[in-house]
């Protein structure tokens, strides 16, 4: 009997220990933190968007045919990513008989913050700002500030066939700049490169909507004998794609 009582006492003690160890705990979801003096930090709100659109179906077929003319296949090449809930991408490419080629690539990232004090949207804003700083994009002018353009800061065009709105096609208006008509924040960068008889221009447009950061890269390469890549043409194409992707992300 003494042996049985001892076994029973040990079992009851073990059960009590297990119950006590879990009675005050909470599941760790990656967005909470314990304070050193007790209690916990309420996690920041999650991001607005929980999913991303299918990237190779995010750009209209008519737009793809206009921006990447002559492609053998418009289904696109999907980017390889480790987590399609967090990041997706797709690209299209075509080459013309004269040696000119065009490539359109899109990348969409749903930003998630693992700091309980920082929301997903704030983290996405920080990521966007880092990209703008890396590209040396100037800030938007303060209200009432005098600018070199008679129409103020260009806001871009989404018609696919004209220079950015109000720009008149001047080099100043087509310079790397902030955009105000897409997402919560956006910028466009335009980089021409000439090497070994080939002219190449890469227009990059990046915008943020809530906790999603979208990057568009529209590139044209031309041999010396062909017409050099035109900035206004590529920029307006990138802006048209940006408008479509914004609607896809918003659902």
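In this note's numbering, the protein residues as written are 111 to 361. Glycine is no exception: its CB is placed at the ideal position from the N, C-alpha and C atoms. Since we're looking at a predicted model, the values are computed, not measured.
Beyond the five residues adjoining it in sequence on each side, residue 205 comes within less than 6 Å, by CB distance, of 211 in the same chain, given in chain order.
A contact between stretches requires three or more CB pairs, one per stretch, nearer than 8 Å, and the segment 195-202 fails this requirement with the segment 226-233. Per the C-alpha coordinates, the member of 291, 209, 295 and 310 positioned closest to residue 239 is 295. For residue 336, the CB contacts under 7 Å within the same chain, skipping 5 residues up- and downstream, are 208, 209 and 210 in chain order.
A contact between stretches requires three or more CB pairs, one per stretch, nearer than 8 Å, and the segment 214-228 meets this requirement with the segment 322-338. Distance check between residue 191 and each of 183, 171, 202 and 165 places 165 closest, using alpha-carbon atoms only. Taking C-alpha positions only, residue 180 is separated from residue 322 by approximately 31 Å.
Closest in alpha carbon position to residue 338, among 310, 286 and 358, is 310.
Rounded to whole angstroms, residue 360 and residue 159 show a C-alpha spacing of 8 Å. In the three-state DSSP reduction, residue 203 falls in the strand class (E or B). Pairing residue 250 with residue 288 gives a Cβ-Cβ distance under 7 Å. The C-alpha of residue 285 lies about 12 Å from the C-alpha of residue 315. Burial check for residue 236: the Cβ neighbour count within 10 Å stays below 16, so the residue is exposed. Within its own chain, the residues whose Cβ lies closer than 7 Å to the Cβ of residue 233, once the five positions on either side in sequence are excluded, are 221 and 223, listed in chain order. Going by DSSP, residue 289 is part of the beta strand (DSSP E) stretching over 287-289. Cβ neighbours of residue 203 within its own chain (closer than 6 Å, five residues either side excluded): 213. Taking C-alpha positions only, residue 161 is separated from residue 167 by approximately 15 Å. Taken atom to atom, the span from the alpha-carbon of residue 241 to that of residue 357 is near 22 Å. Counting only the Cα atoms, residue 199 lies some 26 Å from residue 155.
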